[in-house]
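Novice: Sharing a structure with you now.
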Amino acid sequence: MFVIAIKDERGALVSEHRLEDTQLVLGRSSEADIQLTGDGISRQHACLFIESGQVYVADMGSANGVYVNEQKLRREALVDDTTRIRIARFLIQVEPMEPNSASLPGINTAVVQPGQAHAKLLILSGDEAGRELLLFEPIVAIGRIEENDLCIQHPSMSRHHGRIHQQDDGSYIVQDLDSSNGIFVAGRKINRPTRLLYGDRVSFGAVECLLSKTEGVSSIRFDSRQWILVAALAMASAAFGVLAALIFGGE
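Just so you know, numbering that gives the first Met the number 0 puts 197 at position 198 of the sequence shown, and the rest follows in order with no gaps.
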């Protein structure tokens, strides 16, 4: 018995499946044993099967091919736990299952704890205001559909809207993935990868978020226009206090 691990282009685990006596078909079709979604995936793209106790991979006539150790597959190929299988943006890894784990009701997968997150996005607007989205991976994909790391189902969100990259210096880079409604940092639409710090506001379409540390909420950073507004309000409040003292103090 073998475990088939499906990973994305960053190496993050997407799903795990058991390969026993029958073959597993991978493809875009809802009838595939392992459904893969995205560009470049055929309805029935490839299959994995066991023969004489070993695992083989075969192309099922896909349009964009199957790559084994970065070589396009021409015929069925023997694979093991050292083989790199690639279908479009997905990486497939074959792992033998330990004999004592065969009786377990499910396959063991990594359990991610909230304390392992390096940051979070706090949604500030819309129906999901107050929802916290934890960032676990160094590169986090954000969009409207479930295959993203962070899914925000809002009409202004594109299917694949943007990415946030964690930097070595503790800052972040946000990048627009050619979304329909853009990404805004401190109210300004970005056209290139842009630096973010804790406390910065970033909007994906009409969904405004706050980048924060995982513990509590970071202090909100204001841009120059917001500071001017805050200062003006403070001055107006002080002037009102002086005027009130003059009026009521003379009575």
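Every residue, glycine too, gets a C-beta built ideally from N, C-alpha and C. The structure displayed is predicted, hence computed values, not measured ones.
As an exercise, report each continuous beta strand (DSSP E) stretch of at least 3 residues that is fully enclosed by the region 163-197, in chain order.
Specialist: As far as the region 163-197 is concerned, its whole beta strand (DSSP E) runs of at least 3 residues are 171-175, 182-184, 193-195.
Novice: Using the Cα positions of S211 and I40, report the straight-line distance between them to the nearest angstrom.
Specialist: Cα to Cα, the separation comes out at about 36 angstroms.
Novice: Since H159 and L176 are thought to touch, with beta carbons under 8 angstroms apart, how far apart are those beta carbons, to the nearest angstrom?
Specialist: About 5 angstroms; that satisfies the 8 angstroms criterion.
Novice: Compute the beta-carbon to beta-carbon distance between D80 and E69, rounded to the nearest angstrom, for a pair I have assumed lies under 8 angstroms.
Specialist: Contact flag wrong, Cβ pair sits at about 17 angstroms.
Novice: DSSP state of Q258, grouped into three classes?
Specialist: Because the chain in this structure spans residues 0 to 250, residue 258 falls outside the shown range and cannot be described.
Novice: Am I right that E136 and D126 are in contact with their C-beta atoms under 8 angstroms? What's the rounded C-beta distance?
Specialist: About 26 angstroms separates the two Cβ atoms, so there is no contact after all.
Novice: Does the separation of the CB atoms of L123 and L196 fall below 7 angstroms?
Specialist: No; because the gap between Cβ atoms is not below 7 angstroms, this pair is not in contact.
Novice: Quick one: residues in its chain with C-beta nearer than 7 angstroms to the C-beta of Q166, no 5 flanking neighbours on either side, listed in chain order?
Specialist: I172, listed in sequence order.
Novice: By Cβ distance below 7 angstroms, which residues in the same chain neighbour A31 in space, the five residues on each side in sequence not counted?
Specialist: Closer than 7 angstroms at Cβ, skipping near neighbours: V24, L25, Q43.
Novice: Excluding the 5 residues flanking L12 on each side, which residues of the same chain have their C-beta closer than 6 angstroms to its C-beta?
Specialist: Answer for L12: K6, listed in chain order.
Novice: May I ask you to list the residues that DSSP assigns as paired with S211?
Specialist: The partner list for S211 (beta bridge, DSSP) reads K119.
Novice: Round the Cβ separation of T36 and E146 to the nearest angstrom and send it over; I've been treating them as touching at under 8 angstroms.
Specialist: Right, their Cβ atoms sit about 6 angstroms apart.
Novice: To the nearest angstrom, report how far apart R194 and I151 are at their CA atoms.
Specialist: Between R194 and I151, the C-alpha separation is close to 22 angstroms.
Novice: With distances taken Cα to Cα, identify the nearest neighbour of L77 among I138, R9, V2, F48.
Specialist: Of the listed residues, the one whose Cα sits closest to L77 is F48.
Novice: For the beta strand (DSSP E) holding P154, just list the boundary residues, first then last.
Specialist: From DSSP, P154 is part of no beta strand (DSSP E); its letter is neither H nor E.
Novice: If I measure Cβ to Cβ from R85 and keep anything under 6 angstroms in the same chain, skipping five residues before and after, which residues do I get?
Specialist: So the qualifying residues of the chain are Y66.
Novice: Checking the sheet assignment: what are the DSSP bridge partners for G161?
Specialist: DSSP output for G161 lists I141, D175 as bridge partner(s).
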